[in-house]
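Just so you know, the protein sequences line up as chains U and Y, in that order. Numbering follows numbering that gives the first Met the number 0, in which position 341 of the first sequence is assigned residue number 340; successive positions increment by one, without gaps. Numbering follows numbering that gives the first Met the number 0, in which position 286 of the second sequence is assigned residue number 285; successive positions increment by one, without gaps. Each residue gets a CB set at the ideal place from its N, CA and C atoms; glycine is no exception. Heads up, the thing below is written out as structure tokens.
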Amino acid sequence: MAKLLQQFAGMENGVTMNTSAAQGSPDIQFDQASKRYGDVLAVDNMSLSIERGEFFSFLGPSGCGKTTSLRMIAGFEQPSEGDVSIGGVSMLGVPPHQRPVNMVFQHYALFPHMSVAENIGYGLRQRAPRPAASDIDRQVDEALEMVQMTGYGPRRAWELSGGQQQRVALARALINRPTVLLLDEPLAALDRKLRRDMQIELQTLQRDVGITFVLVTHDQEEALSMSDRICIMRDGQVVQSGSPRELYDQPASVYVADFVGKSNFISGKVNTVNGDAITVVNQHGHPFAGVPSGGAAALTVGSDVSVAVRPEVIVLGAHNSSAADMDTDVAVNGRIKNRIFLGEHTEYLVDADGLGDVLVLSPKHVESTRGTFEPGGTVAIGWKNDTALVLEDK
Amino acid sequence: MANENNRSGLLTGALLAPATAWFLIMLIMPLIVVAIFSFGERSPVGGYVASFTFDQYANLPSRFAAFRNTLTFAPFGTLASLLIAYPLAYFLAVKVSARWKLLLLVLVIVPFWTSLLIRTYAWIFILGGKGIPAMLAFIGIDDVRLINTPFAVMVGIIYGYLPLMVFPIYVSLDKLDKRLLEASSDLGGTPFRSFLQITLPLSMPGMATGCMLVFILLMGEFLIPAFLGGGKIFFVGNALVDLFLQSRNWPFGSAVAIMLVIVMLITVTLYMRLTVGKSTGRDESLM
Ligand SMILES: Nc1ncnc2c1ncn2[C@@H]1O[C@H](COP(=O)(O)OP(=O)(O)OP(=O)(O)O)[C@@H](O)[C@H]1O
Ligand SMILES: [Mg+2]
């Protein structure tokens, strides 16, 4: 299995070297690309580069233009304005069958009138000159082995489970040794457990074959756990792109902080800006301090902002604890509305005085030393100012 | 459990009863009557006299030409309709924008609103001396005879049966998942190869249904050869009209009819073997 994958990856590199015009240039580049459908601007002036060998994800809510972006790479859509290039070569006017990329479709789009083996060998049969039948058979067998489906060749696509169909779709795309593999919500139709398994498999596969994967998903957990880099989209525009950690720790806006992981927000106006120390006054006149987010633009006094506090940076203490008691900078009293046990963590929903509902995530080791709080009981919550990010309301 | 099965069995039976009765009365009964007639004798004044003889069947070779014509024109007419209908259906299903689709589909059906008799009559004039031949003479091509030729019969067949062929093919092309074509093109298939490998096989059920419809109806056709073949090209249908209505030879007519049913059963069975037998796909059953 490992040897096979190496061989697979090795051959892939050979192909990459041949097809790429400029070595070292990004694999895919969007250059002010827009896509218009009548009045709808599905993708709006997108500029973005995806590096070779990267696991890249487009993440965003329904209708934000993820699929359209992917389809512009595959060649099913031509940009209305701007350009999309692959391996440094502009793809304007290049039809899908001449592009060095392959796609795994959302509902797999397996050919219903062909067996699994015929489906997988389809790409090889389109080559000119066409490889020998024995050569195709051998490569199909290898591809089946790679996705752990050995022996399924003679079956029909509709005789397979969702997860198996997904593997066949993967094998059908990868057998062509594309320089880029495009995946449009490949796991959306699978149940939670299987999705988790396939996520790990996809990640392993990507590392082993070493080619660029571009994934479209609206599942933030999926994007965070699998990707090297994520592009967050909204209404056809790129909101922020960066590594999962960058997006989580340094979100550019409330939108990103809300989309990537969970966060509590306190909205208000900027009161003072003093280097990295910002104070914000909320609607009740209470001041809160925070630090600017690395990914965000500079803030000005009086602008509408939110202070974002991640649930895991908030600590719980006994009612009326002071900030010093809890070793925090802020202390607010509240009442526990709800408690959810999540295994490694316990999630509390606290109705905090003047703040409303605040989500608190408390790790197991803290819970076991300090003891759990009961729903309905009173508590204090607190956090340190340097863990609170001040973000523009966008 | 068994009880429940029994009850659902009873219910199924009850629901199927009207259809079964209809089938028996309207289809099987007349066939039995015709079968009985075919072993009888013709009375001197025409009609039927009860008897048991194979004379009528022995006499069948006298109508060989009618069978030969039917068995030539039916398959070739079906094939010609298919060849013309496919591009038309493809155009309607794939190329035409949603706005024009409905209008064009209606245009395909409109001829059905008048009877085939009247429409075939119109073709007599179009193909007759004052129609196309007159126009050809006008540009210097003289003495073209179209009416009462096999060509005229073929034109009539294609004209009359085209919509029956277009619709099933249209349906199968229209419901074809466009993503399969995208997948094909993504995997390196040129548009032409994608058509051959994806569109064509997946529209097979539509073609099979259309061919079956047209072929079966053509086997019983009599109007088109009578009008456009000018009495020179006789189908089995014309023989039946002649035997039952003109010469009133009911027993011989019945034997011809039974023979036609047998020929039809054989050809349709062969045809089913060739088309449906091959495809095992769940989504490839007829329509
Ligand atoms: N063929 C089309 N014709 C017209 N509008 C389209 C077409 N395809 C997409 N759109 C529009 O473009 C926008 C972006 O669509 P897209 O499919 O890229 O969204 P998405 O981010 O993939 O959403 P989802 O998560 O729901 O798949 C949407 O508003 C959509 O309605
Ligand atoms: Mg989509």
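What residues are listed by DSSP as bridge partners for methionine 232(U)?
Val237(U)
At the 8 angstroms Cβ level, is glycine 187(Y) part of the contact set with chain U, yes or no?
yes
Would proline 362(U) pass as an interface residue toward chain B - the criterion being a Cβ-Cβ separation below 8 angstroms?
Structure shown: chain B not included; protein chains present are U and Y.
Three-state secondary structure assigned by DSSP to proline 291(U)
strand
Note down, in chain order, every chain U residue with its Cβ under 9 angstroms from the Cβ of aspartate 176(Y).
His106, Ala108 and Pro111
Against chain Y: residues of the stretch 261-284 of chain U by CB proximity under 8 angstroms
none
So what does DSSP say about valine 95(Y), is it helix, strand or coil?
coil
Interface flag, tyrosine 36(U) vs chain Y, CB-CB below 8 angstroms
no
Say whether chain Y places a C-beta atom closer than 8 angstroms to the C-beta of methionine 71(U).
no
Between tyrosine 107(U) and ligand 1, is there a pair consisting of the residue's CB and a ligand heavy atom that are separated by less than 7 angstroms?
no
Quick check on lysine 192(U): does DSSP put it in helix, strand or coil?
helix
Chain U residues whose Cβ lies nearer than 8 angstroms to that of arginine 192(Y):
Gln125
Counterpart residues of lysine 34(U) in DSSP-defined beta bridges
Val42(U)
Closest to aspartate 352(U) by CA distance: which of Ala323(U), Phe372(U), Ser361(U) and His285(U) is it?
His285(U)
Does the Cβ of alanine 387(U) have 16 or more other Cβ atoms within 10 Å, making it buried, or fewer, making it exposed?
buried
Go ahead and pull the three-state DSSP assignment for proline 111(U).
coil
Kindly indicate if chain Y contains any beta-carbon less than 8 angstroms away from that of glycine 161(U).
no
Mapping the DSSP letters down to three states, classify tyrosine 158(Y) as helix, strand or coil.
helix
Is there a C-beta anywhere in chain Y that falls below 8 angstroms from the one on proline 130(U)?
no
Starting from the beta carbon of proline 94(U), find every residue of chain Y whose beta carbon is closer than 9 angstroms, and list them in chain order.
Ser184, Thr189 and Pro190
Give the list of continuous alpha helix (DSSP H) stretches no shorter than 4 residues that lie fully inside the stretch 16-94 of chain Y.
28-37, 54-57 and 63-89
Between glutamate 220(U) and asparagine 273(U), what straight-line distance do the alpha-carbon atoms span, to the nearest angstrom?
35 angstroms
Cβ closer than 8 angstroms: which chain U residues qualify as neighbours of proline 204(Y)?
Ordered by position in chain U, no residue passes the 8 angstroms Cβ test against proline 204(Y), which lies about 10 angstroms from the chain.
Terminal residues of the continuous beta strand (DSSP E) containing alanine 181(U)?
Checking the displayed sequence, the identity of residue 181(U) turns out to be leucine instead of alanine. That run of the beta strand (DSSP E) goes 179-183.
Using a Cβ-based criterion (distance less than 7 angstroms to any ligand heavy atom), does tyrosine 254(U) qualify as near ligand 1?
no
What residues from chain Y crowd round asparagine 175(U), counting only those whose CB sits closer than 8 angstroms?
Leu186 and Gly187
Closer than 8 angstroms is the cut-off here; do at least three beta carbon pairs connect the stretch 166-175 of chain Y with the stretch 81-90 of chain Y?
yes
Would you verify that the beta carbon of isoleucine 197(Y) is, or is not, closer than 8 angstroms to some beta carbon of chain U?
yes
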